[in-house]
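Undergrad: Please see the structure below; I have some questions.
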Amino acid sequence: MALLRPGSSPDAELLIEAGGYLLRPPFMSDFKDWAELRDESRAFLKPWEPLWPSDDLTKSGFRRRLRRYAKDRKEGRSLTFLLFRSRTNEVLGGLTLSNIRRGVSQTATLGYWMGERHAGKRHMSAAVAMILPFCFDVLNLHRLEAACIPVNTASIRLLENAGFRREGYARNYLLINGTWQDHLLYACLAEDHAVLSGKISPSVEGILKEFL
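Numbering (UniProt numbering), first residue to last: 1 to 212.
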């Protein structure tokens, strides 16, 4: 995996590349491909996302989105990526690390979306596998959280296969598609990832949990 640490400037280069995939922040030059993929996937994405603004797929809406991303990144609150095939530079979907909390928390929330024509092909599994070492080894987070609607079996399978553990059930947790929706709560800890990546053995994991 190749990556560059995020700089202090919101325009500093931030790339994560591995296994034929690339994660990087969106640029204005991505608008056409991003908008086309989102537009053709609207019905596919609608049940799992907040309501889209009326101008969401316009250039002005995308420009405003990029300004917000840059501000949030500069303030250390979130990082937003698009997922590409490295070879063709085709945009496949997106991934966000939001609600980044420091201090005694060292936690962020993982969100993601995939274009309909690319769904079910393990592209997002690859993206999550790429973002986990970035979260724990570069951002030095202790915990990465995620939530999904209970009927979203694809997302449940994705998270559990990536090493996330189910921790709870939150009623009316997020306003999705105009309706407050219950969510399953998942998390992956730094020590969970260390075990999965072979950095520590399961027996050492047990010792860590006893004292953490």
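Positions of the beta carbon are idealized from the N, C-alpha and C atoms, including for glycine.
1. Excluding the five sequence neighbours on either side, which residues of its own chain have a C-beta within less than 7 Å of the C-beta of HIS183, listed in chain order?
2. Between the alpha carbons of LEU66 and MET28, how many angstroms are there, rounded?
3. Based on DSSP bridge pairs, tell me the residues matched to GLY93.
4. Taking 8 Å as the cut-off, does the region 105 to 114 touch the region 122 to 138 (at least 3 CB pairs, one atom from each stretch)?
5. Just how far apart, CA to CA, sit ASP192 and SER155?
6. Counting only runs of 3+ residues fully inside the region 170 to 198, write out the beta strand (DSSP E) ranges in chain order.
7. If you measure between the beta carbons of LEU92 and ARG85, is that distance less than 8 Å?
8. Could you give the first and the last residue of the continuous beta strand (DSSP E) run that contains LEU144?
9. For GLU40 versus ASN177, is the C-beta spacing smaller than 8 Å?
10. Can you tell me whether LEU82 is buried or exposed, with buried defined as 16 or more other CB within 10 angstroms of its CB?
11. Name the residue from MET114, LEU185, ALA162 whose alpha carbon lies nearest to the alpha carbon of GLY168.
TA: To lay it out plainly:
1. ALA147, CYS148, ILE149, ALA170, TYR173, LEU174
2. 8 Å
3. LEU83, MET114
4. yes
5. 19 Å
6. 179 to 189
7. yes
8. 143 to 148
9. no
10. buried
11. LEU185
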